[in-house]
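In short: position in the sequence shown from 1, add 5, done, that's this note's numbering. For every residue, glycine included, the Cβ atom is placed at its ideal position computed from N, Cα and C. Data block below; observations after.
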Amino acid sequence: CVEAYASAAWTAKRAAQAIQNGEKSSLKNILDQKADISCKDVFDHAARGDKLAERIINETAHALALLCVNMLHVTEPQQFVFAGGMIAAGDILLKKIKHYFDREIWALKKESVEICFAQLGEDAGIIGAAALARQLDNN
Numbered sequence: 006c007v008e009a010y011a012s013a014a015w016t017a018k019r020a021a022q023a024i025q026n027g028e029k030s031s032l033k034n035i036l037d038q039k040a041d042i043s044c045k046d047v048f049d050h051a052a053r054g055d056k057l058a059e060r061i062i063n064e065t066a067h068a069l070a071l072l073c074v075n076m077l078h079v080t081e082p083q084q085f086v087f088a089g090g091m092i093a094a095g096d097i098l099l100k101k102i103k104h105y106f107d108r109e110i111w112a113l114k115k116e117s118v119e120i121c122f123a124q125l126g127e128d129a130g131i132i133g134a135a136a137l138a139r140q141l142d143n144n
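Here it is in structure tokens:
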């Protein structure tokens with residue numbers, strides 16, 4: 006499951022594990038103070054040049070890009086829309102996903118596909134599920 010490798014929770018957990026295993030990072034100060042690192046913390050520190058945070062963000066973006074590539078080869082969608090906690094990362098994550106997607110895609114599958122964040126934000130899945138339930142109830 007891609008969520009095990011590319012969710013907001015995994016991103017924060019991976020950073021904490023790396024620090025506990027002795028990797029150097031400015032995130033250690035947060036871990037020492039709060040005993041918990043958030044995904045937002047990882048993205049904030051990556052933006053400030055923290056190498057561990059940058060690596061974790063790249064790993065996350067790569068996992069999400071591979072998901073898109075695999076889905077494209079199977080279902081050929083016109084668009085990939087990401088929702089949930091990861092969209093708080095903003096354009097930096099989206100740019101990295103697109104970078105890895107372009108790098109991993111097969112040459113013959115270069116048709117246009119959009120990768121974007123849900124306009125409804127991190128609650129898009131809940132809103133969509135409620136709309137579907139209402140639609141099914143009306144039928």
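Same chain, Cβ closer than 6 Å to residue i, neighbours up to 5 away in sequence not counted
i, result
"GLN38", "none"
"GLY89", "GLU127"
"ALA51", "ALA58, GLU59, ILE62"
"GLY130", "ALA88"
Contact belief for residue i with residue j at Cβ below 8 Å, rounded distance in angstroms
i, j, result
"LYS91", "ALA13", "A small fix is needed here, since residue 91 is Met in this sequence, not Lys. Contact flag correct, Cβ pair sits at about 5 Å."
"PHE122", "CYS73", "Not a contact, Cβ separation roughly 13 Å."
"PHE85", "ILE110", "Between ILE110 and PHE85 the Cβ distance is about 12 Å, and since that is not below 8 Å, they are no contact."
"LEU57", "GLU28", "5 Å"
"ALA17", "VAL47", "6 Å"
"LEU125", "ILE132", "5 Å"
Top-ranked residue by Cα proximity to residue i, from the options
i, options, result
"ASP41", "ARG19, ILE62, ARG53", "ARG19"
"ALA23", "ILE61, SER43, LYS45, ALA135", "ILE61"
"ALA93", "CYS44, ASN34, PRO82", "CYS44"
"GLU81", "SER117, GLU8, ARG139", "SER117"
"ALA68", "ARG108, GLY95, ASP96", "ARG108"
"GLU64", "ASP142, ALA134, GLN124, GLU8", "GLU8"
"GLY95", "ARG139, ALA138, ASP49", "ASP49"
Beta bridge counterpart(s) of residue i as assigned by DSSP
i, result
"GLN84", "GLU119"
Close Cβ partners of residue i (< 7 Å) along its chain, the five nearest in sequence each way excluded
i, result
"ASP55", "SER30, SER31, LEU32"
"ALA66", "LEU98, LYS101, ILE102, TYR105"
"GLN36", "Reading the sequence as shown, one finds Leu at residue 36 and not Gln. Excluding positions up to five away in sequence, the list reads ALA21, ILE24, ILE42."
Range of the contiguous alpha helix (DSSP H) that encloses residue i
i, result
"LEU99", "96 to 109"
"LEU125", "Neither: LEU125 is in no alpha helix (DSSP H) and is coded neither H nor E."
"LEU32", "Premise fails: LEU32 is in no alpha helix (DSSP H) and is neither H nor E."
"ALA21", "13 to 25"
"GLN47", "The amino acid at residue 47 is misidentified as Gln; the sequence shows Val. Counting along the chain, the alpha helix (DSSP H) containing VAL47 begins and ends at 44 to 52."
Contact set for residue i: own chain, Cβ-Cβ below 8 Å, skip 5 residues either direction
i, result
"ARG53", "SER31"
"TRP15", "GLU8, ALA9, THR65"
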